[in-house]
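There are 2 protein chains.
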Amino acid sequence: MLRLSTKGQYGVRAMFEIARGYPDNPVTIRKISERQDVSVAYLEQILNKLRKAGLIKSVKGPGGGYLLSRKPDNISIAAILNELEGPVAITSCLNPDEGCVRIDSCVTHLLWKELGKQVEAFLKTITLRNLAAGDFVKIRRRKSS
Amino acid sequence: MLRLSTKGQYGVRAMFEIARGYPDNPVTIRKISERQDVSVAYLEQILNKLRKAGLIKSVKGPGGGYLLSRKPDNISIAAILNELEGPVAITSCLNPDEGCVRIDSCVTHLLWKELGKQVEAFLKTITLRNLAAGDFVKIRRRKSS
DNA sequence: AAATACTTGACAAATTCAGTACGGTATTTT
DNA sequence: AAAATACCGTACTGAATTTGTCAAGTATTT
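Sequences listed follow chains X and V, in order.
Per the working numbering, the first sequence runs over residues 20 to 164.
Per the working numbering, the second sequence runs over residues 20 to 164.
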């Protein structure tokens, strides 16, 4: 359950590759494709979205490719996934675009909302730099009510 | 992103209704259907799985219905969703049944694994009793590395 | 001018989801 | 015993989503 689409997965991996060229060594789509084993055509769709979102910028011509727009420790996994898959929404009625007819009577509404918040918070704490270094934030649980 | 299927959602809501009859007041499918606005036929599929998993038991005949097998504070949301949707697996390669060909080279493997663990841990702390009472565990974040 | 790269939109096969339909079986009440 | 009530199980299907591919551009540098 709770699976992420391939677009999101590939997107993060692509960003990781682009981060390797930071700050001024453009990485071509072809290189990303080879290293991460994803087709060039599919990557184009993904990178296009990320570029429009301002997370990366492109340099044309020979020697060109993609570059990070910001520092690796300033780009979170949450930011990447948000562009490719939209915000975390455990249920469709939690999606801002849709709406919930039975919020008041729904006993689970708050539960899913809270879960979504937890996930989002976690993904916000992980940046491309953390990813490259392999160090993730550990969370300590504690009852509060 | 990260949406839960309706089976999981309806399953939790159905369990909530059954919990209302705890400890010895069987709740019929029809009642659950009316209260939660889910078709009887669809609920049958869902409750069947939960019964086989031992979370609920059924009483036949007039006056019959479904009962919780254990105390409400001993049934977690994680347990319910696990039966209906399988374990949390952010990526298909984290599903125990499948497998990952590129674990070693995959930079994101640990990230998704960690996220899955966090989600699972959260859902384990919430029980049907918490759900009925509306009190959820709050988590406090803290850097550890 | 050629080579290299990025850009865009349409399209389609495959998979998953959400739910229905139907034909049972078991138990209790009258 | 029969009727009523309730659960059990499989098969099927229409719709939506996912996961890509394909084709035909446009832009920039050497």
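All C-beta atoms, glycine included, are put in the ideal place defined by N, C-alpha and C.
| Asked | Found |
| --- | --- |
| Cross-chain neighbours of V/L62 in chain X, by beta carbon under 8 Å | In chain order: nothing, as chain X lies at least about 15 Å away. |
| Proximity test, Cβ basis, 8 Å: X/V46 and chain V | no |
| Cβ separation of X/T47 and X/I94, assumed to be a contact under 8 Å, to the nearest whole Å | Going by Cβ atoms, the distance from X/T47 to X/I94 rounds to 20 Å, so no, they are not a contact pair. |
| Beta-carbon contacts of X/V107 that lie in its chain and below 7 Å, excluding the five residues immediately before and after | G135, V138 and E139 |
| Where X/T144 falls: helix, strand or coil (DSSP) | helix |
| Alpha carbon of V/E133 to alpha carbon of V/I109, nearest angstrom | 10 Å |
| CA-to-CA distance, X/N44 to X/A22, given in whole angstroms | The sequence shown places Arg at residue 22 of chain X, rather than the Ala named in the question. X/R22 and X/N44: Cα-Cα distance of roughly 33 Å. |
| Beta-carbon proximity of X/F155 to V/L130, cut-off 8 Å | yes |
| CB-CB length for V/D92 against V/R148, believed under 8 Å | 4 Å |
| Beta-carbon separation (whole angstroms), X/I65 vs X/L103, contact threshold 8 Å | 7 Å |
| X/K162 versus V/A33 - alpha carbon distance | Any answer about X/K162 is weak, because its pLDDT of 47 lies below 50 and its placement is not dependable; what the coordinates show is given next. Each residue's alpha carbon lies about 26 Å from the other. |
| Backbone secondary structure at V/G27 - three-state DSSP | helix |
| Per-residue contacts from V/G153 into chain X (C-beta, under 7 Å) | L129 |
| CA-to-CA distance, V/C125 to X/G105, given in whole angstroms | 24 Å |
| Neighbour-count burial assignment, X/Y29, 16 or more Cβ in a 10 Å radius | buried |
| Any C-beta of chain X under 8 Å from that of V/I109 | yes |
| Chain-ordered chain X contacts of V/L66 [CB-CB under 9 Å] | In chain order: nothing, as chain X lies at least about 17 Å away. |
| Beta strand (DSSP E) runs contained entirely in the stretch 46-113 of chain X, provided each spans 3 or more residues | 75-78 and 84-87 |
| Selected residue, minimal CA-CA separation from X/K50, among X/G84, X/A151, X/G153 and X/R89 | X/G84 |
| Proximity test, Cβ basis, 8 Å: V/V138 and chain X | yes |
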